[in-house]
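A.B. asks: In the UniProt record's numbering, the protein residues as written are 1 to 691.
All residues carry an ideal CB built from backbone N, CA and C; glycine is no exception.
No experiment lies behind these values; they were computed from the predicted model shown.
Would you mind keeping the following structure in view while I ask a few things?
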């Protein structure tokens with residue numbers, strides 16, 4: 001018989017921890033929450049201070065029975081759920097179900113699943129933190145009051161299966177408002193002028209900046225010609241050479257938000273996938289001789305803080321691997337986000353000595369890629385700044401001034417390991433200028449003017465939306481991925497080329513929310529609510545007061561919506577073709593996995609089929625069918641013949657309506673980091689990459 005019972009959420013975590021604690025400890029998994037509000041009813045007694053009614057979750061009876069049996073046999077039960085609000089609430093529900101005194105030292109928390117961290121945490125068990133529990137409970141009740149009151153209203157007035165939530169409604173609003181911004185946008189013309197200059201045997205480029213000391217705003221070709229007409233010959237005087245040394249600091253270690261953003265940019269991971277793989281790395285990976293070890297610290301955090309022990313280990317590793325000049329000489333000031341809870345450390349490897357290459361053989365491809373990203377970001381964050389030599393040169397002819405900018409890496413510092421990505425995919429490149437001296441001359445060779453138009457703001461990618469939600473204080477680390485998942489599943493938005501586009505359904509629902517529940521979709525209100533929940537966690541305010549303040553305004557709005565909200569008919573969009581079974585028109589429908597075509601004669605005719613997009617290219621294999629764009633089960637785009645299964649032609653690269661000039665075979669567009677390259681599927685013919 002084991003002396004002690006430890007309860008965690010997942011079997012993977014249980015397996016890892018049991019190895020560290022020894023024979024006296026039995027570690028079991030609760031498989032997440034064991035109690036929750038009932039799904040079939042509101043489950044909140046509004047008349048009695050919003051008292052929640054908790055029941056055992058369906059299917060958790062056997063799990064709870066097993067835990068009760070094990071708890072009776074143990075001398076002591078420790079509750080070791082995750083170190084956040086949700087984990088504290090899981091521990092509280094378990095304590096209630098197993099008759100454990102919440103004021104006893106029954107709660108154990110750790111930020112990483114390593115032998116030392118686990119053993120250390122069991123030296124300092126504590127009571128359950130009821131402020132944390134209350135903060136989670138307040139969020140749950142708040143979301144239940146909103147969802148279980150507004151959702152049935154939307155089912156009745158708009159369409160079955162809809163839902164409304166605080167954070168998801170704001171996310172949809174941001175996407176729709178961005179779309180409106182794009183539609184309202186009026187492009188403005190502007191021009192840029194670049195020139196190639198010659199100095200001895202060296203050539204370099206400069207951009208037109210000023211005329212007679214005034215910055216230029218070139219709105220038309222006439223403006224350009226007017227300025228260039230002042231240039232007398234091709235000799236330019238070098239009037240100013242400015243040389244500077246610029247330091248560049250590394251990005252901070254990952255928070256949940258920045259990890260989701262960077263994994264989207266560099267690994268093409270969706271937020272949901274990033275969190276799923278991070279969970280696996282946190283809970284433990286079998287490393288063979290070393291046993292099962294958690295490779296990263298807890299992955300739900302909004303802090304960039306790092307423990308002193310981790311800093312010391314990183315310092316030693318960097319000193320040994322790269323040299324003393326790459327170590328961080330002075331303490332770097334950490335910028336603290338005012339909205340951050342700062343409950344845990346940043347996401348980092350549990351040991352910097354466990355290099356990505358060392359564990360590659362025991363990780364899946366995706367696990368290794370995410371671990372490598374986390375490891376490199378952490379190591380770089382603890383390294384010396386990069387030092388750049390920059391040079392700016394002004395070249396003047398008759399008052400017309402061009403400027404040439406150059407830079408080179410003097411000392412790579414952290415850039416030797418890792419450089420942060422960005423949403424615009426513009427890389428900072430080295431651009432060396434020759435030795436130029438004030439008072440000397442250079443000669444212009446080619447002057448090239450280009451017309452441009454201002455661009456509308458970009459649609460939100462998952463990374464941009466997560467960043468915006470975090471900046472606005474909407475939601476918390478644990479809510480970003482589920483929010484993005486929900487708004488897509490409900491059909492309020494869709495992804496087009498990895499960017500969010502609102503659907504008609506999303507726009508209709510938002511319109512009704514704006515009219516009847518403006519506070520739910522108000523960015524400031526939602527952010528303030530998150531702050532109030534943080535105050536509950538800090539013990540500064542009672543959770544009942546927050547709910548009461550909210551509900552006193554919400555209830556009359558609900559009554560008004562019940563009486564005044566009109567039914568909205570969403571007409572099916574014609575698909576432009578007839579049903580091959582009964583001849584009725586086909587229409588587009590929105591399903592759980594996106595749009596599809598269905599017969600308008602439903603339920604008499606139940607014919608459905610996926611939407612296929614013609615790309616105007618004949619199939620090279622059967623020469624009868626046409627190539628169409630399709631989606632795989634994992635939502636990846638591919639191209640196949642519309643005569644499938646008779647013809648099995650398939651390509652991950654997009655075919656184009658031109659034949660290879662070398663072998664007369666099919667040409668395809670291949671996505672490259674810097675753009676798109678056209679190449680042949682049969683021979684070595686390639687065209688220059690287009691940005």
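In three-state terms, what does DSSP make of residue 386?
C.D. replies: Three-state result, residue 386: strand.
A.B. asks: Excluding five sequence neighbours on each side, which residues of the same chain lie with their C-beta closer than 6 angstroms to the C-beta of residue 269?
C.D. replies: Hits under 6 angstroms: 263.
A.B. asks: Look up residue 460 in the DSSP assignment and say whether it is helix, strand or coil.
C.D. replies: Coil at residue 460, not helix or strand.
A.B. asks: What is the rounded straight-line gap between the Cα of residue 581 and the Cα of residue 609?
C.D. replies: For residue 581 and residue 609, the distance between alpha carbons rounds to 12 angstroms.
A.B. asks: With DSSP run on the structure shown, which of helix, strand or coil describes residue 681?
C.D. replies: If DSSP states are grouped into helix, strand and coil, residue 681 belongs with coil.
A.B. asks: Can you list, in chain order, the stretches of the alpha helix (DSSP H) that have 4 or more residues and sit fully within the segment 280-364?
C.D. replies: The qualifying runs are 308-322, 356-359.
A.B. asks: Can you look up residue 425 in the DSSP assignment and give me helix, strand or coil?
C.D. replies: Residue placement at residue 425 is flagged as unreliable, the pLDDT there being 47, under the threshold of 50; the coordinate-derived value follows with that caveat. Three-state DSSP puts residue 425 in coil, outside helix and strand.
A.B. asks: Skipping 5 residues on each side, what residues in its chain have a beta carbon closer than 6 angstroms to that of residue 448?
C.D. replies: Once the five neighbours on either side are set aside, the close Cβ partners of residue 448 are 194.
A.B. asks: Pairs of beta-carbons, one from the segment 382-396 and one from the segment 168-177, closer than 8 angstroms: are there three or more?
C.D. replies: Judged by Cβ distances under 8 angstroms, the segment 382-396 makes no contact with the segment 168-177, as fewer than three pairs qualify.
A.B. asks: Is the segment 131-147 close to the segment 159-167, with three or more CB pairs under 8 angstroms?
C.D. replies: A contact exists between the segment 131-147 and the segment 159-167.
A.B. asks: DSSP state of residue 140, grouped into three classes?
C.D. replies: Residue state, collapsed to three classes: helix.
A.B. asks: Taking the DSSP output, what are the residues bridged to residue 194?
C.D. replies: 207, 448.
A.B. asks: In three-state terms, what does DSSP make of residue 20?
C.D. replies: Helix, per DSSP.
A.B. asks: Please list, in chain order, all residues of the same chain as residue 426 whose beta carbon is under 8 angstroms from its beta carbon, the five residues on each side excluded.
C.D. replies: Since pLDDT at residue 426 reaches only 46, below the 50 mark, its modelled position is unreliable, and the value read off the structure follows with that caveat. None.
A.B. asks: What does the Cβ neighbour count give for residue 665, buried or exposed, with the cut at 16 atoms within 10 Å?
C.D. replies: Exposed.
A.B. asks: Which first and last residues belong to the beta strand (DSSP E) in which residue 665 is found?
C.D. replies: Note, residue 665: premise wrong, no beta strand (DSSP E); not H, not E.
A.B. asks: How big is the Cα-Cα spacing for residue 312 and residue 365?
C.D. replies: Their backbone Cα atoms lie some 30 angstroms apart in a straight line.
A.B. asks: State the Cα-Cα distance for the pair residue 325 and residue 139, rounded to the nearest angstrom.
C.D. replies: For residue 325 and residue 139, the distance between alpha carbons rounds to 49 angstroms.
A.B. asks: Given a threshold of 16 other Cβ atoms within 10 Å of its Cβ, counted over all protein chains shown, does residue 91 qualify as buried or as exposed?
C.D. replies: Residue 91 should be labelled buried.
A.B. asks: What does DSSP give as the partner residue(s) for residue 630 in the beta ladder?
C.D. replies: Paired residues: 638.
A.B. asks: Put residue 213 into one of helix, strand or coil per three-state DSSP.
C.D. replies: Coil, per DSSP.
A.B. asks: I think residue 292 touches residue 350, with their Cβ atoms under 8 angstroms apart; what is that distance to the nearest whole Å?
C.D. replies: About 12 angstroms separates the two Cβ atoms, so there is no contact after all.
A.B. asks: In whole angstroms, what is the alpha-carbon distance linking residue 338 and residue 632?
C.D. replies: The pLDDT assigned to residue 338 is 48, lower than 50, so where the model puts this residue is not dependable; a value taken from the coordinates is nonetheless given after this. Their backbone Cα atoms lie some 42 angstroms apart in a straight line.
A.B. asks: Helix, strand or coil, according to DSSP, for residue 610 in the structure here?
C.D. replies: Looking at residue 610 - three-state DSSP - the assignment turns out to be coil, as it is neither helix nor strand.
A.B. asks: Beta-carbon of residue 182 versus every beta-carbon of chain C: anything under 7 angstroms?
C.D. replies: In the structure shown, chain C does not exist; there is a single protein chain.
A.B. asks: Does the pairing of the segment 403-423 with the segment 217-226 give three or more beta-carbon distances under 8 angstroms?
C.D. replies: Result no; under three Cβ-Cβ pairs closer than 8 angstroms.
A.B. asks: By Cβ distance, which residues of its chain are closer than 8 angstroms to residue 356, with the 5 residues on each side in sequence left out?
C.D. replies: Around residue 356: 368, 371, 372, 375, 376.
A.B. asks: Under the DSSP definition of a beta bridge, which residues are partnered with residue 245?
C.D. replies: Answer is 389.
A.B. asks: Use the C-beta contact count for residue 250: other C-beta atoms within 10 angstroms, 16 or more gives buried, fewer gives exposed.
C.D. replies: It counts as buried.
A.B. asks: Is it a yes or a no for the segment 405-417 touching the segment 386-393, going by three-plus beta-carbon pairs under 8 angstroms?
C.D. replies: Verdict: yes, contact present.
A.B. asks: What do you get for residue 394, buried or exposed, if any count of 16 or more other CB atoms within 10 angstroms of its CB means buried?
C.D. replies: Label assigned to residue 394: buried.
A.B. asks: Drop a sphere of 10 angstroms on the beta-carbon of residue 671, count the other beta-carbons inside from all chains shown, and report buried for 16 or more, exposed for fewer.
C.D. replies: So residue 671 ends up on the exposed side.
A.B. asks: Suppose the cutoff is 7 angstroms on Cβ atoms and the five residues either side in sequence are ignored; what does the same chain contact list for residue 506 look like?
C.D. replies: 172, 176, 492, 493.
A.B. asks: What do you get for residue 344, buried or exposed, if any count of 16 or more other CB atoms within 10 angstroms of its CB means buried?
C.D. replies: Residue 344 should be labelled buried.
A.B. asks: Apart from the five residues just before and just after residue 617, which ones in its own chain have a Cβ nearer than 6 angstroms to its Cβ?
C.D. replies: Result list for residue 617: 627, 655, 657, in chain order.
A.B. asks: Is it buried or exposed, residue 524, if we count other Cβ atoms within 10 angstroms and call 16 or more buried?
C.D. replies: So residue 524 counts as exposed.
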